[in-house]
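A.B. asks: Chains as they are written, first to last, in the working numbering: chain Y, 57 to 261; chain E, 48 to 442; chain P, 997 to 1080. Glycine included, C-beta positions come from ideal geometry on N, C-alpha and C.
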Amino acid sequence: MSYILSHTKIKNNCLWHDGKLIAQSEDTLNYTGFLEEAYKFLNLSYPKFFKMDALSKLGILCAEPILANKNSSQFSKEKTAIVLSNSNSSLQTDIAYSKTMSDFPSPSLFVYTLPNIVTGEISIKHKITGENAFFIEPAFNADLLHNYTELLLQESDAVLCGWLNTDEKACEGFLYFVAKQPANDEKKINFIKHNPNSITQLYTN
Amino acid sequence: MVFVTGIGIISAIGKNASETLSSLLESRTGIGKINHLQTIHKDNYVAGEVNYSLQELENLAGLKNSNYNRTTLLSLLATQEALENAGVKDITVHRTGFISASSVGGMCHSELLYKDFLEHKPYTNFIDTHYTGAHATDVAKHFGITDYVTTISTACSSAANAIMLGARLINNNILDRVVVGGSDALCKFTFNGFNTLMILDKEWCKPFDNNRKGLNLGEGAAYLVLESERVVKAENKKPLAILSGYGNANDAYHQTASSPDGQGAYAAIQKALEVANLSPNKIDYINAHGTGTANNDSSEAAAMQNIFKQNMPPFSSTKAFTGHTLAAAASIEAVITILSIQQKIIFPNLNYTTPMQDTSLFPVTSLQKNIEINHVLSNSFGFGGNCSSLIFSKN
Amino acid sequence: MENLIENLKKQIIEQLNLAEVKAEDIDPSAPLFGEGLGLDSIDALELIVLLEKNYGLKIQEPKDAKHIFQSVKTLAEYITSQKK
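Okay, here's the thing in structure tokens:
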């Protein structure tokens, strides 16, 4: 049996962790501004954050409350996998990079013109060296993620999964941490069973 | 057990497996002048371009006005060959999936069309195929594959990850058969970007050479048909090879550079050996990632040295034949690996003259025939620290 | 030279997205790479872009740039030497 031990969500300038709102900015602030405010809310001290594109910032922020948590940090970093997905790939950064192509192409922007760089950034920050994958799907696909995660759990001990998508006007992040057994037996009842239904519920609520 | 029952490939060295093999046997590189891609870098760089225009690719596929972009057409041609090679007559007889990898997707066309499109907004061919997954959806639909279709985008290890996922789906009895691989077309965006990272060699690349200056970009597509033991027995097939091992790990070092000691590569190779239940000394040949960049080749050499120690098998990078085909690289090289096993030949690491100073490893530089090849390791390491290794074994 | 160094500091902070760094915190003689500002290989490429964009100076081989990018001071010295 596998369980979802923790989850985060970023949407509409709000950041939730395990269902609790932990950071919020004015609606009128654009989402890139919110991402920087959320960085301050979380008290992150990670200057590399400011070099990242919005997709990687989104991933780092969604991952932080989960991975800084005791429930997840007890799992071996070598046996923690990361499986992410989205529909827009790295489109926003592709556009930003293409604008620099005509005079001074920006190497630091080009670095982010691949969707899986965010898995790299999360891995670098948290020293996670397990398996990692990135799927491109037309919409959030709970079945795909559930299925792939269960396959990975045959060899990995835990998996950070989810959906990180950015477009011109908004960003959407939903990450959750799955493991084979609950970390703490007493709190077993607080852990959500890992199946496509529960994943979809967490995503849509 | 997962069997490879079909292969399909199109790249700068040939439009199918037979042409590919001829080029490999004759040490004929596909890297040269750029003819089809319209880029300001055209005369300054060489690349492994597929020597067919978009129209010619459509003709090869027997199609007309398909609205399939270059990445999709390359994918379709290679998939077609793989399915024919596997003797697949009715795709619906078994639970079949299509897992494809790409980094470029439809960028090869949208980069040419988007300015006009934004200004005039009439519908234009290819505008709606920019999405990376469009090629997978289009090709799967074309061949009637419906049970499982998805797109993987993890840079240069993408196709290896597609192959791994396919193997797992078969091993877990979720699918009986799966077509796995990747496709990437050359495009200005990629050229411009790699040029900005200063990792392109203006001349023919020199993998593992001490004076290597960078990689040559390439394009192409390749697919494997993987089938379960049950299907192979039921249809009395003679598999081309066994996919016996696979492993993936994150280097967790830098977004685009590999760690100096190749930790991610080491972990991926280690995992692949564990899955295959093989000790390092059982590997007969390594088809290396060997892009020709200062960083990759040192890092990969360090990883290989650490795993194989005194039992370093012969190795070569075939990217001096095909160029670095990005998301398709792992599947193109998987097909080359399988040809290697079938033919009992180790293909050379072209354009190599001077050993790397920081290591005592030397690649194979001439064609080696009549080699008993039982197990081959194929490496593919991508940006984002995504490191993957596959092991193919003789059936 | 002083002016150039001060300008360079601001340009470096902007070009490299060093959001949490202030110009007065950068010691002109401190190493830019490794310790000091702890810049990496991509930052080096951005410095190459900065040199071309702001000073019209083109660097062909990143390897050759190592000594130029040692510190803000060496960078300023290089720019000054090229103006002659």
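Excluding sequence positions up to five away, which residues of its chain have a Cβ less than 7 Å from the Cβ of Ala319/E?
C.D. replies: Taking the second sequence and counting its residues from 1, one reaches residue 319/E at position 272. The answer, listed in chain order, is Gly292, Tyr293, Gly294, Leu424, Ser436, Leu437 and Ile438.
A.B. asks: Which chain Y residues sit within Cβ distance under 8 Å of Phe236/E?
C.D. replies: Within the second sequence, residue 236/E is the residue found at index 189, counting from 1. Those within 8 Å of Phe236/E in chain Y are Asp150, Tyr153, Ser154, Met157 and Thr169.
A.B. asks: Flag this pair as touching only if the segment 295 to 306 of chain E and the segment 179 to 196 of chain Y have three or more C-beta atom pairs under 8 Å; answer yes or no.
C.D. replies: Yes, they touch.
A.B. asks: Drop a sphere of 10 angstroms on the beta-carbon of Pro286/E, count the other beta-carbons inside from all chains shown, and report buried for 16 or more, exposed for fewer.
C.D. replies: What you label residue 286/E is simply residue 239 of the second sequence in a count that begins at 1. Buried is the call here.
A.B. asks: Taking its Cβ as the centre, do 16 or more other Cβ atoms sit within 10 Å of Gly95/E, making it buried, or is it exposed?
C.D. replies: Here the question's residue 95/E lines up with position 48 in the second sequence. With 16 or more Cβ atoms within 10 Å of its Cβ, Gly95/E is classed as buried.
A.B. asks: Should Gln357/E be labelled buried (16 or more other beta-carbon atoms within 10 Å of its own) or exposed?
C.D. replies: In the second sequence, counting from the first residue as 1, residue 357/E sits at position 310. Exposed is the call here.
A.B. asks: May I ask you to list, following chain order, the residues of the segment 136 to 165 of chain E that have a beta carbon less than 8 Å from some beta carbon of chain Y?
C.D. replies: From the segment 136 to 165 of chain E, only Ser150, Gly152, Met154 and Glu158 have a Cβ closer than 8 Å to chain Y.
A.B. asks: Can you tell which of Leu140/Y, His250/Y, Leu165/Y and Ala152/Y has the C-alpha that lies nearest to the C-alpha of Asn221/Y?
C.D. replies: As a first step, residue 221/Y must be located in the first sequence, where it is residue number 165. Nearest of Leu140/Y, His250/Y, Leu165/Y and Ala152/Y to Asn221/Y, Cα basis: Leu140/Y.
A.B. asks: If Gly61/E sits next to Ser70/E, beta carbons under 8 Å apart, how far is it from one beta carbon to the other, in whole angstroms?
C.D. replies: Here residue 61/E corresponds to residue number 14 of the second sequence, with the count starting at 1. Here residue 70/E corresponds to residue number 23 of the second sequence, with the count starting at 1. Right, their Cβ atoms sit about 5 Å apart.
A.B. asks: Output the boundary residues of the beta strand (DSSP E) element that contains Gly267/E.
C.D. replies: Locating residue 267/E in the second sequence gives position 220, where the first residue counts as 1. Note, Gly267/E: beta strand (DSSP E), Gly267 to Ser275.
A.B. asks: Only counting the same chain, and skipping five residues up and downstream in sequence, which positions put a Cβ closer than 6 Å to that of Val382/E?
C.D. replies: Here residue 382/E is taken as the residue at index 335 of the second sequence, counted from 1. Here the set comprises Ile54, Ile56 and Ala269.
A.B. asks: Closest by CA to Asn82/E, which one among Leu68/E, Ala367/E, Cys234/E and Gly431/E?
C.D. replies: Residue mapping note: residue 82/E aligns to position 35 of the second sequence, counting from 1. The shortest C-alpha separation from Asn82/E is found at Cys234/E.
A.B. asks: Between the alpha carbons of Glu998/P and Ser1025/P, how many angstroms are there, rounded?
C.D. replies: As a first step, residue 998/P must be located in the third sequence, where it is residue number 2. As a first step, residue 1025/P must be located in the third sequence, where it is residue number 29. Cα-Cα distance, rounded: 13 Å.
A.B. asks: Please list the partners that Ile1038/P has in chain E, where partner means a Cβ-to-Cβ separation under 9 Å.
C.D. replies: The sequence position of residue 1038/P within the third sequence is 42, counting from 1. Going along chain E in sequence order, the residues near Ile1038/P (Cβ under 9 Å) are Leu244, His301, Gln302, Thr303 and Ala304.
A.B. asks: Among the candidates Thr139/E, Asp185/E, Pro361/E and His301/E, whose CA atom is the shortest distance from the CA of Asn343/E?
C.D. replies: Sequence index remark: in the second sequence, residue 343/E carries index 296 (1-based). Per the Cα distances, His301/E.
A.B. asks: Going by beta carbon distance, what residues of the same chain come within less than 6 Å of Gln80/Y, once the five residues before and after it are set aside?
C.D. replies: In the first sequence, residue 80/Y corresponds to position 24, counting from 1. Cys70.
A.B. asks: Classify Ser128/Y: buried if its beta carbon has 16 or more other beta carbons within 10 angstroms, exposed otherwise.
C.D. replies: The count along the first sequence starts at 1 and reaches residue 128/Y at position 72. With 16 or more Cβ atoms within 10 Å of its Cβ, Ser128/Y is classed as buried.
A.B. asks: Give the interface partners of Ala1015/P over in chain Y, defined as CB-CB distance under 9 Å, in chain order.
C.D. replies: Along the third sequence, read from residue 1 onward, the residue named residue 1015/P stands at position 19. Going along chain Y in sequence order, the residues near Ala1015/P (Cβ under 9 Å) are Glu92, Pro103, Phe105, Phe106 and Lys107.
A.B. asks: Is Ser275/E closer than 9 Å to Ala148/E when the C-beta atoms are compared?
C.D. replies: As a position in the second sequence, residue 148/E is number 101, starting the count at 1. As a position in the second sequence, residue 275/E is number 228, starting the count at 1. Taking 9 Å as the Cβ cut-off, Ala148/E and Ser275/E do not qualify as a contacting pair.
A.B. asks: Just to confirm the assignment: which complete alpha helix (DSSP H) runs, minimum length 4, are found wholly within the segment 96 to 152 of chain Y?
C.D. replies: Taking only runs of at least 4 residues, the alpha helix (DSSP H) segments lying wholly in the segment 96 to 152 of chain Y are 110 to 123 and 126 to 129.
A.B. asks: Report, in whole angstroms, the separation of the C-beta atoms of Thr84/Y and Leu231/Y, which I expect to be a contact under 8 Å.
C.D. replies: Reading the first sequence from its first residue, position 28 is the one you call residue 84/Y. Reading the first sequence from its first residue, position 175 is the one you call residue 231/Y. Incorrect: roughly 26 Å between the Cβ atoms, too far for contact.
A.B. asks: Looking only at its own chain, which residues have a Cβ that is under 8 Å from the Cβ of Gly134/E, when we skip the five neighbours before and after it?
C.D. replies: Working through the second sequence from its first residue, we reach residue 134/E at position 87. Thr52, Gly53, Glu282 and Lys284.
A.B. asks: Using a Cβ-Cβ cutoff of less than 7 Å, which residues in the same chain neighbour Thr118/E once the five nearest sequence positions on both sides are dropped?
C.D. replies: Taking the first residue of the second sequence as 1, we reach residue 118/E at position 71. Closer than 7 Å at the Cβ level, and outside the excluded window around Thr118/E, lie Ser149, Val151, Gly152, Gly153, Cys155, His182, Ser230, Asp231 and Ala232.
A.B. asks: Can you tell me the Cα-Cα spacing of Tyr99/E and Ser58/E, whole angstroms?
C.D. replies: In the second sequence, counting from the first residue as 1, residue 99/E sits at position 52. In the second sequence, counting from the first residue as 1, residue 58/E sits at position 11. For Tyr99/E and Ser58/E, the distance between alpha carbons rounds to 10 Å.
A.B. asks: So if DSSP puts Ser363/E in a beta bridge, which residue, or which two residues, is it bridged to?
C.D. replies: As a position in the second sequence, residue 363/E is number 316, starting the count at 1. Paired residues: Asn334/E.
A.B. asks: Leaving aside the five residues before and after Arg142/E along the sequence, list all residues of the same chain whose C-beta is less than 6 Å from its C-beta, in chain order.
C.D. replies: As a first step, residue 142/E must be located in the second sequence, where it is residue number 95. Answer for Arg142/E: Asp194, Leu222 and Asp223, listed in chain order.
A.B. asks: Do you know offhand how far Thr201/E's Cα is from Tyr204/Y's?
C.D. replies: Numbered from its first residue, the second sequence carries residue 201/E at position 154. Numbered from its first residue, the first sequence carries residue 204/Y at position 148. One C-alpha to the other measures close to 15 Å.
A.B. asks: Where does Leu414/E land, buried or exposed, given buried means 16+ other C-beta within 10 angstroms?
C.D. replies: As a position in the second sequence, residue 414/E is number 367, starting the count at 1. With fewer than 16 Cβ atoms within 10 Å of its Cβ, Leu414/E is classed as exposed.
A.B. asks: First and last residue of the beta strand (DSSP E) that includes Ser436/E?
C.D. replies: For the purposes of this step, residue 436/E is identified with residue 389 of the second sequence, where counting begins at 1. That run of the beta strand (DSSP E) goes Asn433 to Ser440.
A.B. asks: To which residues of the same chain is Lys76/Y closer than 8 Å at the C-beta, ignoring the five residues directly before and after it?
C.D. replies: Counting from 1 along the first sequence, the entry for residue 76/Y is found at position 20. Excluding positions up to five away in sequence, the list is empty.
A.B. asks: Taking the Cβ atom as the reference point for each residue, do Gly337/E and Pro395/E lie within a distance shorter than 9 Å?
C.D. replies: Counted from its first residue, the second sequence places residue 337/E at position 290. Counted from its first residue, the second sequence places residue 395/E at position 348. Cβ atoms of Gly337/E and Pro395/E: not closer than 9 Å.
A.B. asks: Run through chain E and tell me which residues come within less than 8 Å of Ile180/Y, C-beta to C-beta.
C.D. replies: Here residue 180/Y corresponds to residue number 124 of the first sequence, with the count starting at 1. Those are Ala299, Tyr300, His301, Gln302 and Gly432, listed as they occur along chain E.
A.B. asks: Contact between the segment 207 to 226 of chain E and the segment 358 to 367 of chain E: three or more CB pairs below 8 Å?
C.D. replies: As far as the Cβ criterion goes, the segment 207 to 226 of chain E does not touch the segment 358 to 367 of chain E, which means the pair count is below three.
A.B. asks: If we cut at 9 Å on Cβ distances, does Ser254/Y have a partner in chain C?
C.D. replies: The chain inventory of the structure shown lacks chain C, comprising the protein chains Y, E and P.
A.B. asks: Between Glu211/Y and Asn172/E, what straight-line distance do the alpha-carbon atoms span, to the nearest angstrom?
C.D. replies: As a working mapping, residue 211/Y is identified with position 155 in the first sequence. As a working mapping, residue 172/E is identified with position 125 in the second sequence. Spanning the two alpha carbons is a distance of roughly 44 Å.
A.B. asks: Whose C-beta lies closer than 7 Å to the C-beta of Thr12/Y among residues of the same chain, with five residues either side of it excluded?
C.D. replies: What is shown of chain Y runs 57 to 261, which leaves residue 12/Y out entirely.
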